[in-house]
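As structure tokens, the structure follows; a few thoughts come after it.
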Amino acid sequence: MILRRITEHVKAQNWFAVGLDFLIVVFGVFMGFQVQEWAVERRQRASETIYLDRLHDEVVQLTQDRFQYTTDVRENQLSLSGAIEVLQTQSERHILTDNECDAIAESHIYHQPTADLPTIAELLSTGRLDALQAKGVRTAITRFNQSALRGGDVIDAVNRNILTLARVFPELIQLETVREENTAHGIRSAARCDATAMKANAQFMNTFVDNRDRYAHYAVYAVEPATEKLAMLHGALDTELGIVHDEVEGDE
Ligand SMILES: [Zn+2]
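No gaps in the numbering here: position 171 of the sequence shown is 882 in this note's numbering, and each next residue is one more.
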């Protein structure tokens, strides 16, 4: 119909009407494309929201899982600092507490805390991470991933040539098994330490200080940063999805 009208206007040499018809055609085509683009965008947003909802659930779970682990690492660090104070200085305290002795006996343990978020792995493997429109979430995902990767490198480094103090110095640390109902196995190891003999043993002190330094690196550069970035990712997801929590266990 528009074509017939244009032809008539051309025959009548009504160039103004021809120009107007041409503009109508161009505008019509443009609107067609625009409507199509809006539909695609709407579909992408809907699919993105499904991904972000799923990621939020995983982040909440991981935050809870890491909360206890991070708390234990912080407590161990405090216990190791307390032990150093007793063993290295003229402290008035000459006896190690049970927690300090246990922390010394376990000062060679630097596990990789879980950092698995399956939705992020899926977004990365399908190349959809770059296409996320939620820029804040995208940035937070990248930072969390970098932190978890760097943490893995630090853990590899601190695990090289580790020494288990109770094996090398059995006369200074005795391990025994005690029953504890709250643990997964119903038992746990408890250590007994001879603080006076430890102080007098230079080889033990050097090895212990080495373990304590490794533990500090592990806590500060491997465990804490990823936990912190996970909380930031959670915040970005809450903002994007409009979620308000009364209080999330594990959030700080
Ligand atoms: Zn949340």
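We put the CB at the ideal spot given by N, CA and C, even for glycine.
Just so it is clear, the structure is predicted and the values come from calculations on it, not from any experiment.
How about residue i and residue j: do their beta carbons lie closer than 8 Å?
i	j	result
A937	A832	no
I898	R890	yes
F919	I820	no
M943	A851	yes
L840	R854	no
A908	E882	yes
L941	H767	no
E769	T830	yes
V729	V737	no
E951	G847	yes
D732	R715	no
L773	L828	yes
L860	Y762	no
Between which two residues does the alpha helix (DSSP H) holding residue i run?
i	result
E951	E935 to L952
Q914	A913 to H928
What are the boundary residues of the beta strand (DSSP E) that includes residue i?
i	result
E887	I884 to R890
I713	Unbroken run through I713 is the alpha helix (DSSP H), I713 to K722; no beta strand (DSSP E).
A902	I898 to C904
Can you check which of these residues, the options, is closest to residue i by C-alpha distance?
i	options	result
E817	V865, E786 and S836	E786
A845	T718, F738, E759 and E748	E759
I735	I713, L773 and P829	I713
H805	T718, V740, R777 and A911	A911
Q801	N917, A906, D813 and G838	A906
E935	W749, V740, R923 and Y780	Y780
T782	E939, R765, N872 and R861	E939
Q857	Y932, N917, D776 and L807	Y932
Y926	D764, V784 and Q745	V784
I866	T808, F880 and A930	A930
D813	I954, V955, R923 and G946	R923
N872	D921, E719, W726 and H945	D921
F778	M742, P824 and E811	P824
A913	H896, E803 and L798	L798
H945	D764, T718, E719 and F744	D764
C904	G743, L807, V746 and N725	L807
D915	I795, L886, R756 and G863	The question names Asp, but residue 915 is Phe in the sequence shown. Looking at the Cα atoms, I795 is the closest of the given residues.
Compare the C-beta of residue i with all C-beta atoms of chain B and state if any pair is closer than 8 Å.
i	result
F741	Any reference to chain B falls outside this structure, which holds one protein chain only.
Just to check, is the beta-carbon of residue i closer than 7 Å to a non-hydrogen atom of ligand 2?
i	result
V848	Ligand 2 is not part of this structure, which contains only ligand 1.
| task | Report the residue ranges of all alpha helix (DSSP H) runs contained in full by the stretch 814-876; include only those spanning at least 4 residues, in chain order. | result | Whole alpha helix (DSSP H) segments, 4+ residues: 829-836 and 846-869.
| request: Kindly confirm or deny that the stretch 872-883 and the stretch 771-791 touch, where touching means at least three C-beta pairs closer than 8 Å. | output: They do not touch, by the three-pair rule.
| Whole alpha helix (DSSP H) runs in the stretch 720-803 with 4 or more residues, listed along the chain? | Taking only runs of at least 4 residues, the alpha helix (DSSP H) segments lying wholly in the stretch 720-803 are 726-799.
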